[in-house]
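Trainee: Residue numbers for the sequence shown follow the numbering used here, so the first one is 885 and each next one is one higher.
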Amino acid sequence: MEFSNWDGSARTVRMGIYGTSGNVGIGTTSPGTLLAVQGAVSMFLQGTVTTNGVCHTGNATDAADSTVGRQLVVCSGAGVDIAEWYPTKSDVAVGDIIAPSSETMEYQAKGNDPVQGTEVSLGTQKISLLKKAERSDTILGIVSTAPFKTFGTDIRAYASSTRPRPVALSGRVPVNVNLEGGEIHIGDRIALSSVAGVGTKATTSGMTVGVALEGFDGTGDGGTGKVMTFVNLGYARLDAAIPDLVSNKETKSDGELATNAWIVDQQSGKVSVSFMGDINMQGNAILDVGKITGYLGKWSIDEGGTLMAVKVITDELIAQKVTVGSATVPSGITLYDEVTKAPYCVKIVSGAVVPQAGACGTSSAVAAIPDLVSSLETKSDLPAGGETSTIATTTTATLDTTATSTPTTSETATSTPPAP
């Protein structure tokens, strides 16, 4: 059965039901499926918006046989990574760690109009053929085994002669590894080994391709194999001892494994503790410390040896130079009277040493000789710079009633003072 229209001179078949199968063809007289449409199809998508989608059978090439076509099917979610197509050298295999080579190829690049969503030509472009990475190369990533989604089909379609391979951008992929860096544990970062394209456990700082999601001890594999790896290309700061510190487990007397007290960030190399309490160094030293900062920043010792603290209490202080206060915030020194045991704040006022009763910085610190301070403020014949103020050496009490006169520097003290 066919449906056609007549234009006055010829009949054109528009739709038909054919054969014993009852296949319906629209725009075609030889449908290969239950419904085959030859030409553009428009749809009004007015239902509730969702994140679900549909896919089609066959490969990713949009061109299809006019009689067979493509079937719309539910999209698979079995893939575990998202990848992008790149041209590669002939020896590159799935799971290899790859890097750009000096060899390039030209291809007709395609892209999408960001507004219309339609495909546009980007013209002729060059791109490097990827190779098995070596330690002197710049690592790009891992060749995907079974990606969920791939991008860059213009490379795959144009570069069939250059063995296009999908390179994982995100997700988890198997990576080829060996035991050069030792047994691989879950959580170890994977770096490039001395074998081109093959990874190993990272033991020193450098570029890594990801984090191991399973262990590998080489048993039954001759020391080589594959490890499922979370793709995370980046530079990892590692000390040679850090991996051992992370994986080290002490055995208790009852045979159980003790939990490691140290937590090591293998990306930054920073170490923290996984317990609440003190660390007892058992008399051992901590060497080559750059800087130490106290809790809440109340004290610190920097690389130059400068100690900053809110308060310092010590039995003995030996210094080449001592500075008390500053030009913007003058201060004094608290001294204690040997007789009364009372505190006095000793300050410099207009070049004179002035004691004040009470400790420095307290409201009880008042002038011991207020008339002296007042005279300093009003005295017009204060000593010039560099001279010694007589006021600074005057006291209101006699400290020693038996003191003898002291000869000047040009005299010789040969006589004793007369008896009273």
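The beta-carbon is built from N, C-alpha and C at its ideal position, and this holds for glycine as well.
Can you tell me whether DSSP reads S1089 as helix, strand or coil?
Mentor: Within the sequence shown, numbered from 1, the residue matching residue 1089 stands at position 205. The answer is coil: DSSP assigns S1089 none of H, G, I, E or B.
Trainee: Measuring only the C-alpha atoms, how far is L1013 from P984?
Mentor: Along the sequence shown, one-based indexing puts residue 1013 at 129. Along the sequence shown, one-based indexing puts residue 984 at 100. Taking the straight line joining both Cα atoms gives about 6 Å.
Trainee: DSSP on S1045, reduced to helix/strand/coil?
Mentor: Looking up residue 1045 in the sequence shown gives position 161. Correct three-state label for S1045: helix.
Trainee: Below 7 Å CB to CB, which residues in the same chain sit around S1156 once its five sequence neighbours on both sides are set aside?
Mentor: Residue mapping note: residue 1156 aligns to position 272 of the sequence shown, counting from 1. Counting only Cβ-Cβ distances below 7 Å, and skipping sequence neighbours, we find I1147.
Trainee: In three-state DSSP terms, what is D1072?
Mentor: As a working mapping, residue 1072 is identified with position 188 in the sequence shown. The answer is coil: DSSP assigns D1072 none of H, G, I, E or B.
Trainee: G1083 to A1075, Cα distance in whole Å?
Mentor: Position 199 of the sequence shown, counting from 1, holds the residue named residue 1083. Position 191 of the sequence shown, counting from 1, holds the residue named residue 1075. For G1083 and A1075, the distance between alpha carbons rounds to 5 Å.
Trainee: For the ligand GTP, is there a heavy atom less than 6 Å away from the beta-carbon of S960?
Mentor: Annotation note on the ligand GTP: not contained in the displayed structure, which lists no ligands.
Trainee: State the DSSP-derived secondary structure class of R1019, mapped to helix, strand or coil.
Mentor: Working through the sequence shown from its first residue, we reach residue 1019 at position 135. Three-state DSSP puts R1019 in coil, outside helix and strand.
Trainee: Count the other CB atoms within 10 Å of the CB of V1027; is the residue buried (16 or more) or exposed (fewer)?
Mentor: Translated into positions along the sequence shown, residue 1027 becomes position 143. Buried, since its Cβ has 16 or more Cβ neighbours within 10 Å.
Trainee: Hey, how far is the Cα of T972 from the Cα of T1046?
Mentor: As a working mapping, residue 972 is identified with position 88 in the sequence shown. As a working mapping, residue 1046 is identified with position 162 in the sequence shown. The alpha-carbon atoms of T972 and T1046 are separated by roughly 6 Å.
Trainee: Taking 6 Å as the limit between beta carbons, can you name the residues of its chain near I1185, skipping five residues before and five after?
Mentor: Taking the first residue of the sequence shown as position 1, residue 1185 is located at position 301. Within the same chain, I1185 has close Cβ partners I1176, L1191.
Trainee: With distances taken Cα to Cα, identify the nearest neighbour of S1005 among L918, L929, L1122, D1038.
Mentor: Counting from 1 along the sequence shown, the entry for residue 1005 is found at position 121. Ranking the options by Cα distance to S1005, first place goes to D1038.
Trainee: Could you check what DSSP says for T1037 in three-state terms: helix, strand or coil?
Mentor: What you label residue 1037 is simply residue 153 of the sequence shown in a count that begins at 1. If DSSP states are grouped into helix, strand and coil, T1037 belongs with the helices.
Trainee: Alpha carbon to alpha carbon, how far is V1238 from A1226?
Mentor: Working through the sequence shown from its first residue, we reach residue 1238 at position 354. Working through the sequence shown from its first residue, we reach residue 1226 at position 342. V1238 and A1226: Cα-Cα distance of roughly 16 Å.
Trainee: Go ahead and pull the three-state DSSP assignment for G937.
Mentor: One-based indexing of the sequence shown puts residue 937 at position 53. If DSSP states are grouped into helix, strand and coil, G937 belongs with coil.
Trainee: In the structure shown, what three-state DSSP assignment does L1180 receive?
Mentor: Counting from one through the sequence shown, the residue named residue 1180 turns up at place 296. Three-state result, L1180: helix.
Trainee: For V958, report the span of its beta strand (DSSP E) as first-last.
Mentor: Taking the sequence shown and counting its residues from 1, one reaches residue 958 at position 74. According to the DSSP assignment, V958 belongs to the beta strand (DSSP E) that extends over 956–958.
Trainee: In angstroms with no decimal places, state the Cα-to-Cα distance between K1182 and A1193.
Mentor: On the sequence shown, position 298 is the one that residue 1182 refers to. On the sequence shown, position 309 is the one that residue 1193 refers to. When rounded, the distance between both Cα atoms is 6 Å.
Trainee: For the beta strand (DSSP E) that E886 lies in, which residues bound it at each end?
Mentor: As a working note, residue 886 is residue 2 in the sequence shown. 886–890 is the span of the beta strand (DSSP E), which, as asked, contains E886.
Trainee: Measuring CB atoms only, is the stretch 1096–1110 touching the stretch 989–999, in the sense that at least three cross pairs come out at less than 8 Å?
Mentor: no
Trainee: Does DSSP put D997 in a helix, a strand or coil?
Mentor: For this step, residue 997 is matched to residue 113 along the sequence shown. In this structure, D997 counts as coil in the three-state DSSP scheme.
Trainee: Quick one: what does DSSP say C1229 is sitting in, helix, strand or coil?
Mentor: Against the sequence shown, residue 1229 aligns to sequence position 345. In the three-state reduction of the DSSP assignment, C1229 falls in the strand class, which pools E and B.
Trainee: For V1079, which of V1095, V1093, N1060 has the nearest alpha-carbon?
Mentor: Taking the first residue of the sequence shown as 1, we reach residue 1079 at position 195. Of V1095, V1093, N1060, the residue nearest in Cα terms is N1060.
Trainee: Consult DSSP for D1105 and reduce its assignment to one of helix, strand or coil.
Mentor: On the sequence shown, residue 1105 is found 221 positions in, with the first residue counted as 1. Coil.
Trainee: Got a sec, what are the start and stop residues for the beta strand (DSSP E) Q1240 sits in?
Mentor: Within the sequence shown, the letter at position 356 stands for residue 1240. Per DSSP, Q1240 belongs to the beta strand (DSSP E) from 1236–1241.
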